[in-house]
Amino acid sequence: MERISWDQYFMAQSHLLALRSTCTRLMVGATIVRDKRIIAGGYNGSIAGGDHCSDHGCYVIDNHCVRTIHAEMNALLQCAKFGVTTGDAEIYVTHFPCLQCSKAIIQAGIKTVYYAVDYKNHPYAIELFEQAGVKLEKVPLTEPILDLGKINSPAVK
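Counting in this note's numbering, the sequence shown runs from 1 upward without gaps.
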C-alpha cells in the first residue's frame with residue numbers, strides 16, 4: 001500500500017466528518033487546513049443542542065432545510081469561536097459549496113477550495129471564486145483510502 005497524498009488525506013478527513021452529519025438529505029464534511037495542519041472541521045447538521053433532522057425530519061422552506069448549518073459554515077464558525085485565523089488557509093469539502101458558503105469562504109480569506117463531488121455548482125459561486133482569486137480543484141476519492149485491516153500491517157512504502 002502506497003502512502004496517500006495530502007489532498008487524499010484531507011479529503012478523506014472530510015468524508016469521515018460527513019459521517020457525523022444529522023442531515024437525512026445529504027451528508028457533507030469540511031476540513032480547513034493551513035500549512036498541512038488541520039485547524040477545523042465541520043459537518044452539516046443542526047445548531048448545538050438543537051433538534052436534528054435525523055430525529056425530527058427536515059424543516060424545509062423553499063426547497064432548503066432551514067434547520068441545518070452547512071459543513072463549511074460549521075468549520076468556519078469553529079475557527080471564529082476559538083480565535084483561529086483562516087487567512088491563506090485551504091478547505092476540503094466533500095461537495096461543491098453552495099453560494100452562501102462560497103461567499104463565507106471568500107470572506108474568510110481561504111485561498112483554495114478542494115471538493116470531491118460536483119453538487120449544484122452555482123455559476124455565480126464559480127464567478128465569485130474567480131473574482132476573488134480563490135482556486136478551485138476537484139479531488140475525487142475514486143478508490144477506498146482507508147483499509148483498517150492494513151493499519152497494523154508492515155510499514156507503508
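The C-beta atom is built at its ideal place from N, Cα and C for all residues, glycine as well.
- In the DSSP secondary-structure assignment, alanine 30 is bridged to Gly42 and Val93.
- At a Cβ-Cβ threshold of 9 Å, tyrosine 43 and asparagine 74 count as neighbours.
- Within the region 75 to 126, the complete beta strand (DSSP E) segments of 3 residues or longer fall at 90 to 95 and 112 to 117, listed in chain order.
- Between serine 14 and serine 5, the alpha-carbon positions lie close to 14 Å from each other.
- Only residues of its own chain outside the window of five on either side were considered, and among them Ala18, Asn44, Ala71, Thr94 and His95 have a CB closer than 6 Å to the CB of valine 28, listed in chain order.
- Judged by DSSP in its simplified three-state form, leucine 136 adopts strand.
- Boundaries of the alpha helix (DSSP H) around alanine 12: 6 to 18.
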